[in-house]
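In my numbering, the protein residues as written are 2 to 129.
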């Protein structure tokens with residue numbers, strides 16, 4: 002599915018159980034089973050181009066800075082249109098999601114989408 006507002010590709014996470022948490026960090030314990038209904042989630046991070054659509058529509062405020070840690074000019078530079086938007090806090094992200102007709106995922110939804118249902122540590126496997 003493609004979002005009409007920002008062109009984001011959404012993927013469906015099917016309903017079902019997955020293992021959430023980790024023994025590696027205290028704030029991820031205990032490991033436990035979670036069952037979720039199916040849901041739609043963005044396939045990638047929101048890009049500078051997508052976020053700029055919300056700013057142009059008057060619904061969003063620009064990022065708090067337009068540079069990056071490695072570039073003097075980043076947001077608003079066409080060369081970086083397809084790069085992830087940065088320097089937007091939780092409230093700006095929430096407004097963006099509402100503008101796009103979406104919502105922020107819950108912690109469990111995000112973890113299931115990022116880790117999959119096979120218990121891997123990262124989306125690609127268990128190696129950092």
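The beta-carbon is built from N, C-alpha and C at its ideal position, and this holds for glycine as well.
Identify whether residue i lies in helix, strand or coil by the three-state DSSP scheme.
i, result
"residue 21", "strand"
"residue 91", "helix"
"residue 40", "strand"
"residue 98", "helix"
"residue 74", "coil"
"residue 28", "helix"
Tell me the residue span of the alpha helix (DSSP H) that contains residue i.
i, result
"residue 14", "Premise fails: residue 14 lies in the beta strand (DSSP E), 11 to 14, not in any alpha helix (DSSP H)."
"residue 49", "49 to 57"
"residue 109", "108 to 116"
Kindly identify the DSSP beta-bridge partner or partners of residue i.
i, result
"residue 34", "20"
"residue 3", "10"
"residue 85", "48"
Going by CA-CA distance only, name the one from the options that's closest to residue i.
i, options, result
"residue 42", "69, 11, 3, 64", "11"
"residue 102", "67, 55, 80", "55"
"residue 60", "77, 100, 72", "100"
"residue 29", "128, 51, 104, 122", "122"
"residue 57", "77, 71, 31, 34", "77"
"residue 44", "110, 127, 24, 120", "110"
Leaving out five residues on either side along the sequence, give the residues of the same chain with a beta carbon under 6 angstroms from the beta carbon of residue i.
i, result
"residue 114", "14, 42"
"residue 36", "18"
Just to confirm my understanding: we take residue i, look at its own chain, exclude 5 residues before and 5 after, and list those with CB closer than 8 angstroms. What are they?
i, result
"residue 3", "9, 10, 11"
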